[in-house]
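Below you'll find the structure, written out as structure tokens, and then a few comments.
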Amino acid sequence: MYTGTVSRHRGRAGTECSCESQRRRRAVPATTPPTAASTGWGRCQPVVGGLSARAAKLGDMKNTTVLISGSSIAGPALAYWLSRYGCTVTVVEKAPALRLGGQAVDFKGATHRTVLGRMGILEEVRRRQTGGTDQAIIDAEGRTLAILPGEFTGGEMEILRGDLSALLYERTAGSCEYVFGDSITSLTESVGGVHVTFERGAPRTYDIVVGADGIHSNVRRLAFGPESQYVHHLGHYYALADVRVGREPVMYNEPGRMAAVGGPKAPAFFVFASERLEFDRYDVEQQKRILAEAMKGMGWRVPELMAQLPDAREFYLDSISRSEVDHYSRGRVVLLGDAAYGNTLGGFGTGLAVVGAYVLAGELAAAGGDHRVAFQRYEEAFRGYAKITKKGNAGPFLAPPTSGRIRMRNWMFKYDFMLRAMLKLTDKFATDIDLKDYPSPEHVRGTVC
Ligand SMILES: Cc1cc2nc3c(=O)[nH]c(=O)nc-3n(C[C@H](O)[C@H](O)[C@H](O)COP(=O)(O)OP(=O)(O)OC[C@H]3O[C@@H](n4cnc5c(N)ncnc54)[C@H](O)[C@@H]3O)c2cc1C
Numbered sequence: 003m004y005t006g007t008v009s010r011h012r013g014r015a016g017t018e019c020s021c022e023s024q025r026r027r028r029a030v031p032a033t034t035p036p037t038a039a040s041t042g043w044g045r046c047q048p049v050v051g052g053l054s055a056r057a058a059k060l061g062d063m064k065n066t067t068v069l070i071s072g073s074s075i076a077g078p079a080l081a082y083w084l085s086r087y088g089c090t091v092t093v094v095e096k097a098p099a100l101r102l103g104g105q106a107v108d109f110k111g112a113t114h115r116t117v118l119g120r121m122g123i124l125e126e127v128r129r130r131q132t133g134g135t136d137q138a139i140i141d142a143e144g145r146t147l148a149i150l151p152g153e154f155t156g157g158e159m160e161i162l163r164g165d166l167s168a169l170l171y172e173r174t175a176g177s178c179e180y181v182f183g184d185s186i187t188s189l190t191e192s193v194g195g196v197h198v199t200f201e202r203g204a205p206r207t208y209d210i211v212v213g214a215d216g217i218h219s220n221v222r223r224l225a226f227g228p229e230s231q232y233v234h235h236l237g238h239y240y241a242l243a244d245v246r247v248g249r250e251p252v253m254y255n256e257p258g259r260m261a262a263v264g265g266p267k268a269p270a271f272f273v274f275a276s277e278r279l280e281f282d283r284y285d286v287e288q289q290k291r292i293l294a295e296a297m298k299g300m301g302w303r304v305p306e307l308m309a310q311l312p313d314a315r316e317f318y319l320d321s322i323s324r325s326e327v328d329h330y331s332r333g334r335v336v337l338l339g340d341a342a343y344g345n346t347l348g349g350f351g352t353g354l355a356v357v358g359a360y361v362l363a364g365e366l367a368a369a370g371g372d373h374r375v376a377f378q379r380y381e382e383a384f385r386g387y388a389k390i391t392k393k394g395n396a397g398p399f400l401a402p403p404t405s406g407r408i409r410m411r412n413w414m415f416k417y418d419f420m421l422r423a424m425l426k427l428t429d430k431f432a433t434d435i436d437l438k439d440y441p442s443p444e445h446v447r448g449t450v451c
């Protein structure tokens, strides 16, 4: 995460602002905006699926104002599409600046590739990828018990979460308004839009509000109801911390606990089984204490890692949880990414967020900004694809509950056919959607053909 004082910036990217957060914002290097050719849409590619018949309506997107809560992955990915479709987009982020922490996240299969290609970032993601590295599962003496192959742990393309977030931000900062260090406090919908009040900024009215603010979504709480109704704790917590011992990527388990360090995925990654814990999500020191307590008595070099914890600058702790909402939208408010589908840590959260942004924006464009039609179609198109979060939960795989289950998990990686079967299954989930060819942004804005 960019560090520094909490300061607020409001104003279109590119306007003059002397505040600290704006200076930090500009520290993210600018990249060349994608061209029609690089997005995979030829300038005159025909619009398929009957969408061209609605071409006249498509221009309506120009007048649509959208507020997106959350600037991690889902938020900037949606901002990318909607700004290109001509909407006026504001992204509000509670953190004082872009959060660049986290391990590597991965993409796999043709669906992910297609969407990244259409966003014009496929090559950039490839360029920044960490490269899948085999990870040794070790015993308390550091002896290798099994090897987790890179293609299993890192999908087809693996990129640090922070690098991906920065890349999406770079591609949208010039066309969207980013407001850091603020949060929505109320949402009141009327015929004309959603009236929004903020912790710090002046109230405003938007046509559409999007909750892309993660598993603990503020927008979901305000528009749908308390988190307890929608988020289901799956029995494990995970933590990331910039602590290290050695360079080689290794993973060490004891029943219900896991520590993984080294390799390009950095920082260190911990998983532990636990009942639901009550803690302050903004109190990092308290969260460090929770991790230290959970890892207490663990062998190998875990005590060395825990000794570094007080000095760790980067730290993140959260539960592995499922989010279950009966509908992704309420009126003009819609959920995207972890806020809608949850984070089960199985390597799907980021792919779902990026593909979900493409589908939601595409349906809005195809419906000429009519949120009722678009949200219904987004729901129909996406609910089946997001089912992996209903089935998956990486917790028991990463931190099996008994020594026997740890041995069984390790055993699976001894046989190539088991690995192939697991990869086939994950690839199937990642591609299980009929991706529509939505109108190209140039058509919507009336600038081509
Ligand atoms: C710092 C960080 C590290 C992560 N590390 C990993 C990892 O190592 N491995 C992994 O699999 N997944 C990780 N994740 C989760 C991963 O990014 C998501 O599962 C996935 O990419 C989908 O992203 P999302 O944008 O829907 O949600 P998230 O990535 O969770 O982003 C939500 C965003 O909303 C912001 N937000 C929260 N509350 C508010 C509010 N009230 N107002 C405005 N903004 C708000 C958050 O600060 C955050 O920027 C991490 C997330 C974060 C924020």
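Position in the sequence shown (from 1) plus 2 gives the number in the numbering used here. For every residue, glycine included, the Cβ atom is placed at its ideal position computed from N, Cα and C. For clarity, every value in this text was computed on a predicted model and none was experimentally measured.
Check                                                                                                                                                                      : Outcome
Can you give the Cα-Cα distance for Val212 and Leu338, rounded to whole angstroms?                                                                                         : 7 Å
Between Tyr284 and ligand 1, is there a pair consisting of the residue's CB and a ligand heavy atom that are separated by less than 6 Å?                                   : no
Can you name, in chain order, every residue of its own chain whose Cβ lies under 6 Å from the Cβ of Arg145, other than the five neighbours on each side?                   : none
Rounded to the nearest angstrom, what separates Thr391 and Leu362 at their Cα positions?                                                                                   : 18 Å
Would you report the Cα separation of Asp439 and Leu307, rounded to the nearest angstrom?                                                                                  : 48 Å
Less than 7 Å between the beta carbons of Tyr380 and Asp434, yes or no?                                                                                                    : no
Could you compute how far the alpha carbon of Gln137 sits from the alpha carbon of Ala175?                                                                                 : 36 Å
Identify whether Leu337 lies in helix, strand or coil by the three-state DSSP scheme.                                                                                      : strand
For Phe281, does the count of other Cβ atoms within 10 angstroms reach 16, so buried, or fall short, so exposed?                                                           : exposed
Look at the Cβ atom of Ala367, then the Cβ atom of Tyr87, and state whether they are nearer than 7 Å.                                                                      : yes
Could you check which residue in Gly203, Asp320, Phe272 and Ile210 has the C-alpha nearest to that of Asp285?                                                              : Asp320
If we count the other Cβ atoms within 10 Å of its Cβ and call it buried at 16 or more, is Ala58 buried or exposed?                                                         : In this predicted model, Ala58 has a pLDDT of only 42, less than 50, meaning its place in the structure is not dependable enough to derive any value.
Could you tell me the alpha carbon to alpha carbon distance between Phe415 and Glu158, rounded to whole angstroms?                                                         : 18 Å
Between Asp141 and Trp302, what straight-line distance do the alpha-carbon atoms span, to the nearest angstrom?                                                            : 7 Å
How many whole angstroms separate the CB atoms of Ala341 and Ser230, which I take to be in contact at a CB cut-off of 8 Å?                                                 : With 8 Å as the limit, Ala341 and Ser230 do not qualify as a contact, their Cβ atoms being about 15 Å apart.
Starting from Glu179, trace the alpha helix (DSSP H) both ways and give me its first and last residue.                                                                     : Unbroken run through Glu179 is the beta strand (DSSP E), Glu179 to Phe182; no alpha helix (DSSP H).
Which first and last residues belong to the beta strand (DSSP E) in which His235 is found?                                                                                 : Val233 to Ala243
Assign Val286 to one of three DSSP states: helix, strand, or coil.                                                                                                         : helix
Give the secondary structure of Phe154 by DSSP, where H, G and I count as helix, E and B as strand, and everything else as coil.                                           : helix
Looking at the structure shown, is Val247 part of a helix, part of a strand, or coil, going by DSSP?                                                                       : coil
Excluding the 5 residues preceding and the 5 following Asn255 in the sequence, name in chain order all residues of the same chain whose CB lies nearer than 6 Å to its CB. : Ile408
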